[in-house]
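As structure tokens, the structure follows; a few thoughts come after it.
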Amino acid sequence: MTRGVEIKELRKNFVLKRWQGCRRIASEAVAVDGISLKVPEGQSVAFIGPNGAGKSTTIKILTGILHPTSGDVYVAGYIPWRDRRKLAYQIGTVFGQRSQLWYHLPPIDTFDLLSRIYSLKRVDFVRTRDSLIERFALGGFLHIPVRKLSLGQRMRAEVAASLLHRPRILFLDEPTIGLDVIARQELRDLICEWNREEGATVLLTSHDAGDIEQVAERVIVIHHGRIVVDDDVAAVRRRYLGSKILRVQFHETPREIPFRGMKLIERSLHEMKIEIDTSVISAQLAIARVLDAGRVADLSIEDPPLEQVIGRIYSQAAAAGAP
Amino acid sequence: MKEITKYGWIAYITARSHIAYAGEVFTRIVLMTVILYVFSRVWLAVYGVNSGPRLAGLTITQMIWYLVATEAFALSGPRTWYEVEQDVRTGRVAVQLIHPLSYGLTHLGKAMGERIVRFAIYMLAGVVIALAIAGPLRWTASGLAMFLAILPLAFLLDFLGHFLVGLCAFWLESVNGLALIYTRATMLLGGLILPMEMYPAALQPTLRRLPFASMVYAPGRMFVDPSGAVFFKAFWTQAAALIVFLCIVGAVQAAAFKRVFSNGG
Chain A
1 MTRGVEIKEL
11 RKNFVLKRWQ
21 GCRRIASEAV
31 AVDGISLKVP
41 EGQSVAFIGP
51 NGAGKSTTIK
61 ILTGILHPTS
71 GDVYVAGYIP
81 WRDRRKLAYQ
91 IGTVFGQRSQ
101 LWYHLPPIDT
111 FDLLSRIYSL
121 KRVDFVRTRD
131 SLIERFALGG
141 FLHIPVRKLS
151 LGQRMRAEVA
161 ASLLHRPRIL
171 FLDEPTIGLD
181 VIARQELRDL
191 ICEWNREEGA
201 TVLLTSHDAG
211 DIEQVAERVI
221 VIHHGRIVVD
231 DDVAAVRRRY
241 LGSKILRVQF
251 HETPREIPFR
261 GMKLIERSLH
271 EMKIEIDTSV
281 ISAQLAIARV
291 LDAGRVADLS
301 IEDPPLEQVI
311 GRIYSQAAAA
321 GAP
Chain B
1001 MKEITKYGWI
1011 AYITARSHIA
1021 YAGEVFTRIV
1031 LMTVILYVFS
1041 RVWLAVYGVN
1051 SGPRLAGLTI
1061 TQMIWYLVAT
1071 EAFALSGPRT
1081 WYEVEQDVRT
1091 GRVAVQLIHP
1101 LSYGLTHLGK
1111 AMGERIVRFA
1121 IYMLAGVVIA
1131 LAIAGPLRWT
1141 ASGLAMFLAI
1151 LPLAFLLDFL
1161 GHFLVGLCAF
1171 WLESVNGLAL
1181 IYTRATMLLG
1191 GLILPMEMYP
1201 AALQPTLRRL
1211 PFASMVYAPG
1221 RMFVDPSGAV
1231 FFKAFWTQAA
1241 ALIVFLCIVG
1251 AVQAAAFKRV
1261 FSNGG
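Quick note, the sequences are listed as chains A and B, same order.
101 is the number that this note's numbering gives to position 101 of the first sequence; each next residue is one higher, with no gaps.
Here this note's numbering runs 1000 ahead of the position in the second sequence, where the first position is 1.
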């Protein structure tokens, strides 16, 4: 049995009851519709989907909060809803919109309490705590009540709190929500570092393409409770957007370029940003045409932003007539 | 043992959290002072027009100290029902359930931490005021021991009542109404201002059997007029109420947790 995550044919239906006149009518809403997947230990996976897709429900089943309607789930070798308390020692969870820190007390007090809750040996706890304080740069605000911390500081403390018991699996539910660009980047780096150095499995849900791109190696797109894409991040970008972004800088004003399969996005006197549709024109031919247009000073070719990829996957899934 | 220690630490952290604001502590002292002053004046007036030195078997000094104990109990009650309601309505219950903890015992730890701090603050203020208005009360070691034995059970019963009201949030949009009924029932039927002996004779047997009297009246009476007979009667009533409450809470919590559903994207 895997020490990571294994899901087989997971289903979760919610019964919705409403009054119609004097009668109470029950109807079922399908939140998760037959998901199967395996996440090996140490992998970092982004679990994405539009609102109401079923990703949060799945995460809550994986953490033992919700019972599924049917299916098998093993997380770190445990059945989450049956072994919730045992599993809790193996997993760390960060909900971006919910805090586990005590609002009126400094983070150090919450850390101390968590060491008791997880029955950590004092010497192990102090070693891990001190290492996290150093890695997450918490020293400056460790003794300041949480209510006085910035959101970025709070989230760093929040993630550190969830790592104190050295979980093998880390669930992150929108961890960077509301953070500014710098705080977001810092947090992503810290999560990556933890995943790399500790070999912990990371399951991330986010609406932020940057989180997915920088933290995850694999992306699972869920829509209407079903998996519509399960691949590594680079492959998803390649497969779902047959385009490349070409940035060119010329020494002089370039000649006109025949733009079949090449969409001019931006142009200044000596610069061009072109989107290449690789189903119409190969990247090689497009570059050749650009080189013909004038003396090139600099040239770069990029993949399109992940937001665009995600947007396309969602629209394709909707067009495919998902119920 | 480690399991119990966890909840002890939760109580300790909650207690620290509740003394973090000096302003809040001061407000509570002012509130207690005003309440005790007003009701002491009322009792002084009542005893003044009364022909005998005792009412309900209590002297004016005992009556004012009775007020101190019962008011401290009533005012120190943590709003566990609100906490549970918020857990349910905001999905915060998810954060509680990811830790290796029992949901009910976590709330018990929090409630006890908060209660002990608040009760201590109110008692401290109450003792000063009662000493100034009525003078000292004669305590005995056995009397105080009986009071301290009855008090934790009263706290526990009150917690279960609040917790039960909070759990109703799994079915109701708001439990404000139920909480209002519960807290008022505790005050009116529990003997907050009037000791049980002053209620109509026909109602007394029923009221004494209700859990409210064993939360408010029993500790209050033990504090000012301890007696072995009253202690054992109160103790058994508390024990019976505890068993009934635990059964109801257990069944309601089991049913409630089946209704936990996902909240948020």
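Don't be surprised by glycine CBs; every beta carbon is placed ideally from N, CA and C.
Bear in mind that the values here come from a model prediction, so they are computed numbers and not experimental data.
In summary, residue 17 (chain A) is exposed, with fewer than 16 beta-carbon neighbours lying within 10 Å of its beta-carbon over all protein chains present.
Interface residue (Cβ-Cβ distance to chain A less than 8 Å): residue 1110 (chain B) is not classified as such. With a cutoff of 8 Å on beta-carbon distance, residue 26 (chain A) and residue 15 (chain A) are scored as near each other. Around the beta carbon of residue 259 (chain A), fewer than 16 other beta carbons lie within 10 angstroms, which makes this residue exposed. In this structure, residue 1178 (chain B) lies near residue 1168 (chain B), with their beta-carbon atoms less than 8 Å apart. The beta carbons of residue 176 (chain A) and residue 54 (chain A) sit no closer together than 8 Å. By DSSP's assignment, residue 39 (chain A) forms a beta bridge with A:5. Taking C-beta atoms as the reference points, residue 1126 (chain B) and residue 1038 (chain B) fail to come closer than 8 Å.
In terms of Cα proximity to residue 1230 (chain B), the closest of B:1214, B:1242, B:1088 and B:1014 is B:1214. Shown here for residue 291 (chain A): not one same chain residue has a beta carbon closer than 6 Å to its own, the five before and five after excluded. Close partners of residue 1116 (chain B) in chain A (Cβ separation under 7 Å) are lacking, with about 17 Å as the shortest Cβ gap.
Here residue 242 (chain A) has 277, 278 and 279 as same chain residues with Cβ atoms under 7 Å from its own Cβ, once five neighbours each way along the sequence are excluded. By the neighbour-count criterion, in which a residue is buried when 16 or more other Cβ atoms sit within 10 angstroms of its Cβ, residue 202 (chain A) is buried.
Residue 222 (chain A): member of the beta strand (DSSP E) spanning 218-223, first to last residue. DSSP lists A:204 and A:219 as the bridge partner or partners of residue 46 (chain A). Under DSSP, the beta-bridge partners assigned to residue 13 (chain A) are A:30.
Relative to the Cα of residue 72 (chain A), the nearest Cα in the group A:94, A:118 and A:7 belongs to A:7.
The region 1047-1059 of chain B makes no contact with the region 1067-1084 of chain B, as fewer than three CB pairs between them are under 8 Å.
Out of B:1023, B:1104, B:1056 and B:1225, the CA that lies nearest to the CA of residue 1141 (chain B) is found in B:1225. Judged by DSSP secondary structure, residue 94 (chain A) falls within the beta strand (DSSP E) whose first and last residues are 91-95. Among the residues of chain A, none has a CB under 8 Å from the CB of residue 1015 (chain B); the nearest is roughly 11 Å distant.
The C-beta of residue 132 (chain A) comes no closer than 8 Å to any C-beta of chain B. Chain A has no Cβ within less than 8 Å of the Cβ of residue 1140 (chain B). Sequence-ordered contacts of the region 1005-1037 of chain B with chain A read 1005, 1006, 1008, 1009, 1010, 1012, 1013, 1014, 1016, 1017, 1018, 1020 and 1021 [C-beta pairs closer than 9 Å]. If you ignore the 5 residues before and after residue 172 (chain A), its C-beta comes within less than 6 Å of the C-beta of 94 and 204, all in its own chain and listed in chain order. For residue 1164 (chain B) and residue 1239 (chain B), the gap between their C-alpha atoms comes out near 18 Å.
Assignment of residue 228 (chain A) by DSSP, reduced to helix, strand and coil, places it in the strand class. The beta carbon of residue 113 (chain A) falls within 8 Å of a beta carbon belonging to chain B, placing the residue at that interface.
For residue 1048 (chain B), there is no enclosing beta strand (DSSP E); the enclosing alpha helix (DSSP H) covers residues 1022-1049.
Taking a 10 Å sphere around the C-beta of residue 1021 (chain B), we find fewer than 16 other C-beta atoms and assign the residue as exposed. Against residue 63 (chain A), the close residues of chain B are 1098, in the order they occur along the chain (beta-carbon pairs closer than 7 Å). For residue 1246 (chain B), the closest alpha carbon among the candidates B:1191, B:1005 and B:1159 is that of B:1159.
Close to chain B, meaning a Cβ-Cβ distance shorter than 9 Å, are the following residues of the region 74-107 of chain A: 84, 85, 86, 87, 88, 89, 91, 92, 93, 95, 97, 98, 99, 100, 102, 103, 104 and 105. Sixteen is the threshold: since fewer than 16 other Cβ atoms of the shown chains lie within 10 Å of the Cβ of residue 122 (chain A), the residue is exposed. Residue 237 (chain A) has a beta carbon lying at 8 Å or more from every beta carbon in chain B.
For the C-beta of residue 1092 (chain B), the chain A residues within less than 8 Å are, from N- to C-terminus, 98.
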